[in-house]
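Asks:
Protein chains: 4
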Amino acid sequence: MTDTRDLLDASPSEIPLEAGDLAAAIDACLRAEQACVACADADLAEAEIVALRRCAALCTGCADICAVTARTLSRPGAYDLYVIHRLLQACVRACTVTADECEQHAAHHQHCALCARACRACAEACSEVLDDEELQELAKLAGG
Amino acid sequence: MTDTRDLLDASPSEIPLEAGDLAAAIDACLRAEQACVACADADLAEAEIVALRRCAALCTGCADICAVTARTLSRPGAYDLYVIHRLLQACVRACTVTADECEQHAAHHQHCALCARACRACAEACSEVLDDEELQELAKLAGG
Amino acid sequence: MTDTRDLLDASPSEIPLEAGDLAAAIDACLRAEQACVACADADLAEAEIVALRRCAALCTGCADICAVTARTLSRPGAYDLYVIHRLLQACVRACTVTADECEQHAAHHQHCALCARACRACAEACSEVLDDEELQELAKLAGG
Amino acid sequence: MTDTRDLLDASPSEIPLEAGDLAAAIDACLRAEQACVACADADLAEAEIVALRRCAALCTGCADICAVTARTLSRPGAYDLYVIHRLLQACVRACTVTADECEQHAAHHQHCALCARACRACAEACSEVLDDEELQELAKLAGG
Numbered sequence: 000m001t002d003t004r005d006l007l008d009a010s011p012s013e014i015p016l017e018a019g020d021l022a023a024a025i026d027a028c029l030r031a032e033q034a035c036v037a038c039a040d041a042d043l044a045e046a047e048i049v050a051l052r053r054c055a056a057l058c059t060g061c062a063d064i065c066a067v068t069a070r071t072l073s074r075p076g077a078y079d080l081y082v083i084h085r086l087l088q089a090c091v092r093a094c095t096v097t098a099d100e101c102e103q104h105a106a107h108h109q110h111c112a113l114c115a116r117a118c119r120a121c122a123e124a125c126s127e128v129l130d131d132e133e134l135q136e137l138a139k140l141a142g143g
Numbered sequence: 000m001t002d003t004r005d006l007l008d009a010s011p012s013e014i015p016l017e018a019g020d021l022a023a024a025i026d027a028c029l030r031a032e033q034a035c036v037a038c039a040d041a042d043l044a045e046a047e048i049v050a051l052r053r054c055a056a057l058c059t060g061c062a063d064i065c066a067v068t069a070r071t072l073s074r075p076g077a078y079d080l081y082v083i084h085r086l087l088q089a090c091v092r093a094c095t096v097t098a099d100e101c102e103q104h105a106a107h108h109q110h111c112a113l114c115a116r117a118c119r120a121c122a123e124a125c126s127e128v129l130d131d132e133e134l135q136e137l138a139k140l141a142g143g
Numbered sequence: 000m001t002d003t004r005d006l007l008d009a010s011p012s013e014i015p016l017e018a019g020d021l022a023a024a025i026d027a028c029l030r031a032e033q034a035c036v037a038c039a040d041a042d043l044a045e046a047e048i049v050a051l052r053r054c055a056a057l058c059t060g061c062a063d064i065c066a067v068t069a070r071t072l073s074r075p076g077a078y079d080l081y082v083i084h085r086l087l088q089a090c091v092r093a094c095t096v097t098a099d100e101c102e103q104h105a106a107h108h109q110h111c112a113l114c115a116r117a118c119r120a121c122a123e124a125c126s127e128v129l130d131d132e133e134l135q136e137l138a139k140l141a142g143g
Numbered sequence: 000m001t002d003t004r005d006l007l008d009a010s011p012s013e014i015p016l017e018a019g020d021l022a023a024a025i026d027a028c029l030r031a032e033q034a035c036v037a038c039a040d041a042d043l044a045e046a047e048i049v050a051l052r053r054c055a056a057l058c059t060g061c062a063d064i065c066a067v068t069a070r071t072l073s074r075p076g077a078y079d080l081y082v083i084h085r086l087l088q089a090c091v092r093a094c095t096v097t098a099d100e101c102e103q104h105a106a107h108h109q110h111c112a113l114c115a116r117a118c119r120a121c122a123e124a125c126s127e128v129l130d131d132e133e134l135q136e137l138a139k140l141a142g143g
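Put into structure tokens, the structure is as follows:
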């Protein structure tokens, strides 16, 4: 159990997106970041490193994008919906591509199975926020 | 529920510290990071910003230290016990100082109450790893 | 002098964008990140904190976006042009909004003047990469 | 040319360490971070990935430690000398170990040669700050 939702509710700033969806996306980003960091590290120690090199590269990059997405969504006082929109798109894409790669190794490496699941969940949670009509509308008005 | 412990267990690298303690510290770091990011953002939007400026400064710095501690502990393939020892010391200190500050505002600001609790829990979880006799011994041998 | 360009040239991966523009954007991102971190910290210590609170909030968020953009552009082995396109858009926007805010305080606070200049330079360097026709074309094909 | 030193001078906070040394350490950390990120990515794309796997793992971890050290030193308003002392120790160690590894591949891989040099320079710049007598004294008083 995290306090993510309670922290959003405790902010004095108005939050123009659904707080439950935001909290779910933040938590999913942090889990995917952690899984990607661990999976990349494990890949490098496996005997099959040659087959896992693309996995390690994708996980390393995906971790950083998940991290910045979690932080940006955690700051309603400084929300810029255009920035949020673009970061969420980048995060959904990075998580989807990483999950696709990890799934190919999931049968042989439990860290890949866990990481694929965490990235897939993150892509879904971020898509949920991205589907918000108001976000799409405002991102457009905001110059997107 | 996170997969942190399962990811440690899935690593092909030998883990010279207690995996349960490590997983608890990683999760506590990620929660404290998220709480600190949210609390600093909320501080800046409060009417009492003058009284909360030190809280915002401490939370911003603490978030970064929690983040790097979580990542470093998540990479058993590249563990350097001297580095881990120093990072854990820095993290315990940053979290303790931040929790002390947040507690002074906890009665008036729910985000400070939540952040204080998350930082205190992180300091405790990191201390648990730091108390490991082997870590202290190896950190010393390693040149600490 | 940095080695950014030489490191891009030393990568065994093919780089589908102009290396000089990429190196300039990476360096500009790292400078803007550093300036934003320093400016936010200075804002919180100024007597005029009430007037500078929005500056501190924007700088804090902008720093994280510059950091992830610098890292993502530094990894040609894992380039995903759709992700790069979206991150660059987010970075240009965050830097432009932060520079606009910092400029309003530039006459009174040298850290704001320096930060405004670094953010403006970063927005320009990232726009240069973003203007690459191939990037726009590939980002579209890639599902953008 | 960076504005790092000018930003330290523009801070309203008193700086208890030598500003020139601090600015040099911050810039060296950012360069080492960038080199490590690029070197790890290049390692994964090399034919000799098996021989370079330890290099990739060390560079990935070192990058994160350099990043947090640069940020922490850039925030004099929130300086905690005990935290700074521990982070600098961790950074010197991570950079030294990474430089040692990269140097073994420097003859065959230009990215390793560049990264070794950046890490060595970072270890030296951080050691310079660490050697400050006042820092050592205060770190002790502060509970170190």
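Residue numbers (numbering that gives the first Met the number 0), protein chains in the order written: chain X, 0 to 143; chain U, 0 to 143; chain S, 0 to 143; chain V, 0 to 143. By construction, the Cβ of each residue, glycine as well, lies at the ideal position given by its N, Cα and C atoms.
1. Kindly say whether A9 of chain V, judged by its beta-carbon, lies nearer than 8 Å to any beta-carbon of chain S.
2. Taking only three categories from DSSP, how would you classify I48 of chain V?
3. When you compare the CB positions of A18 of chain S and C61 of chain S, do they come within less than 8 Å of one another, or not?
4. Please confirm if G60 of chain U has its CB atom under 8 Å from at least one CB of chain V.
5. Quick check on this structure: which residue in V:V36, V:C54, V:D2, V:A44 has the alpha carbon closest to the alpha carbon of Q33 of chain S?
6. At what residue ranges does the region 114 to 141 of chain U contain a whole run of the alpha helix (DSSP H), taking only runs of 4 or more?
7. Determine the direct distance from the alpha carbon of A89 of chain X to that of R85 of chain S, and round the result to whole angstroms.
8. Taking only heavy atoms of the ligand MG into account, decide whether any of them is closer than 7 Å to the Cβ of A27 of chain U.
9. Check the C-beta distance from Y78 of chain U over to P11 of chain U and give it rounded, since I have them as a contact under 8 Å.
10. Less than 8 Å between the beta carbons of C38 of chain V and C125 of chain V, yes or no?
11. Reducing DSSP to helix, strand and coil, say where D79 of chain U ends up.
12. Are the C-beta of L43 of chain X and some C-beta of chain V separated by less than 8 Å?
13. Exposed or buried, what is L6 of chain X when buried is set at 16 or more other beta-carbons lying within 10 Å of its beta-carbon?
14. Taking C-beta pairs closer than 9 Å, name the residues in chain S that P75 of chain V reaches, listed in chain order.
15. Rounded to a whole number of angstroms, what is the C-alpha to C-alpha distance between L43 of chain V and H110 of chain S?
16. Can you give me the Cβ contacts of A112 of chain V inside the same chain, cut-off strictly under 7 Å, excluding the 5 residues immediately before and after it?
17. Suppose you measure from the CA of A31 of chain X to the CA of R52 of chain X; what does that come to, to the nearest Å?
18. Please report how far the alpha carbon of D130 of chain U lies from the alpha carbon of E123 of chain U, in whole angstroms.
19. Going along the chain, which residues of its own chain have a beta-carbon closer than 7 Å to the beta-carbon of V96 of chain V, five neighbours each way excluded?
20. In chain X, which residues lie with their C-beta within 8 Å of the C-beta of T146 of chain S?
21. What residues from chain U crowd round R52 of chain S, counting only those whose CB sits closer than 8 Å?
22. Measure the Cβ-Cβ separation of E127 of chain U and D20 of chain U and say whether it is below 8 Å.
23. Once you ignore the five residues that flank E13 of chain X on each side, which residues in its own chain have a CB closer than 6 Å to its CB?
24. Is it buried or exposed for D26 of chain U, if we count other Cβ within 10 angstroms and need 16 for buried?
25. Which of the three DSSP states, helix, strand or coil, is assigned to H107 of chain U?
26. What does a CB cutoff of less than 7 Å around A55 of chain U pick up in its chain, not counting 5 residues either side in sequence?
27. Going by DSSP, what residue range makes up the alpha helix (DSSP H) through T1 of chain S?
28. Alpha carbon to alpha carbon, how far is L137 of chain S from A24 of chain X?
29. H107 of chain X touches chain U at which residues, Cβ-Cβ below 8 Å?
30. Assuming R119 of chain X and V36 of chain U are in contact, meaning their beta carbons sit under 8 Å apart, how far apart are those beta carbons, in whole angstroms?
31. Can you tell which of S:H107, S:E47, S:C65 has the C-alpha that lies nearest to the C-alpha of V91 of chain S?
32. Cβ closer than 7 Å: which chain U residues qualify as neighbours of Q88 of chain V?
33. Between C28 of chain U and C121 of chain U, is the Cβ-Cβ spacing less than 8 Å?
34. Which of the three DSSP states, helix, strand or coil, is assigned to R74 of chain V?
35. Please report the distance separating the alpha-carbon of I83 of chain X from that of L134 of chain X.
Replies: Result, derived from the coordinates:
1. yes
2. For I48 of chain V, the secondary structure class from DSSP, reduced to helix, strand or coil, is helix.
3. no
4. The beta-carbon of G60 of chain U is placed less than 8 Å from the nearest beta-carbon of chain V.
5. V:D2
6. 132 to 140
7. 6 Å
8. The ligand MG is absent from the structure shown, which contains no ligand whatsoever.
9. About 13 Å; that fails the 8 Å criterion.
10. No, they are not a contact pair.
11. coil
12. yes
13. buried
14. A37, D40, A41, A44
15. 39 Å
16. A105
17. Going from the Cα of A31 of chain X to the Cα of R52 of chain X covers about 19 Å.
18. 10 Å
19. Annotation for V96 of chain V: L57 place their beta carbon closer than 7 Å to its own, counting only its chain and skipping 5 residues before and after.
20. Summary: the structure shown does not reach residue 146 of chain S, with chain S confined to residues 0 through 143, and so no result is reported for it.
21. By Cβ distance, chain U contributes L43, A44, I48.
22. yes
23. none
24. By the Cβ-count criterion, D26 of chain U is buried, with 16 or more other Cβ atoms from all chains shown falling within 10 Å of its own Cβ.
25. coil
26. A39, D42, L43
27. Counting along the chain, T1 of chain S falls outside any alpha helix (DSSP H), and DSSP gives it neither H nor E.
28. 28 Å
29. Result: empty, since nearest Cβ-Cβ is about 11 Å, beyond 8 Å.
30. In fact, because the Cβ distance is near 25 Å, the residues do not count as touching under 8 Å.
31. For V91 of chain S, the closest of S:H107, S:E47, S:C65 by C-alpha to C-alpha distance is S:C65.
32. R85
33. yes
34. In the structure shown, R74 of chain V sits in coil (DSSP, three-state: anything other than H, G, I, E or B).
35. So the alpha carbons of these two residues sit roughly 9 Å apart.
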